[in-house]
Amino acid sequence: MIVELLKYCLIQTLAYYDVFSYPLTFSEITTKLTVKSRPSEIQLALDELEKDDVIFKFYEFYCLRNDYSMIEKRRTANARAIGQMELARKKAAFISKFPFIRGIFVSGSLSKNYADDKSDLDFFVVTSDGQSMVGRLASQFSIE
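Using the working numbering, you'd call the opening residue of the sequence shown number -5 and step up by one each time.
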């Protein structure tokens, strides 16, 4: 029963990321899994699911679809994210200079180290009390 629960949770975890066509590494699976398990138990369950063709493994990546192009897409998007993150740091540094900005954080796909050719910069901006609209306008004009 415990093994079946673990398998179910593994499929659930992979299914969530499958919506975004984002295969996971073993390390990512162990940190995102909703049940606490030993790495050896997780590996055993993954091996069984792979043997039964429920999940697929390409190099270090696990996914629900037998589609290697997902791996290529992820690698390309992860590499592109490095450049996008540098741009996001510069934009965030500028926006953070406004006195009513209390914090600025990268959100969206870039926060997951993913940037494809359609990705833009998304920020979560924390402002001081009563300044949300001013902060929104300042951030909008600063980013563009």
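In this text, a Cβ means the ideal position worked out from N, Cα and C, and glycines have one as well.
Judged by their CB atoms, L4 and L27 are nearer to each other than the 8 angstroms cut-off. By the criterion of a C-beta distance shorter than 8 angstroms, A9 is surrounded in its chain by L58, once the five residues flanking it on both sides are discounted. Scanning its chain for C-beta atoms nearer than 7 angstroms, with the 5 sequence neighbours on each side dropped, one finds around V29 the residues L(-1), L0, C3, in chain order. Rounded to the nearest whole angstrom, the C-alpha separation of Y53 and K67 is 14 angstroms. Between S101 and F117, the C-beta gap is smaller than 8 angstroms, which places the two residues in contact.
Using a Cβ distance threshold of 8 angstroms, V120 and R83 do not count as a contacting pair. Judged by DSSP secondary structure, F118 falls within the beta strand (DSSP E) whose first and last residues are 116 to 121. For S122, the CB contacts under 7 angstroms within the same chain, skipping 5 residues up- and downstream, are F94, R96 in chain order.
When N60, R32, S34, P33 are compared, the shortest CA-CA separation from E44 is found for N60. Taking 8 angstroms as the cut-off, the beta carbon of I98 is found no closer than this to the beta carbon of S105.
The Cβ neighbour count for I23, taken over all protein chains shown within 10 Å, is at least 16; the residue is labelled buried. The beta carbon of A75 sits closer than 7 angstroms to those of L104, N107, Y108, A109, all from its chain and outside the five residues before and after it, given in chain order. With contacts defined as CB atoms closer than 8 angstroms, Y16 and L40 fail to qualify as a contacting pair. Counting along the chain, no beta strand (DSSP E) covers Y2; the unbroken alpha helix (DSSP H) around it starts and ends at -4 to 12.
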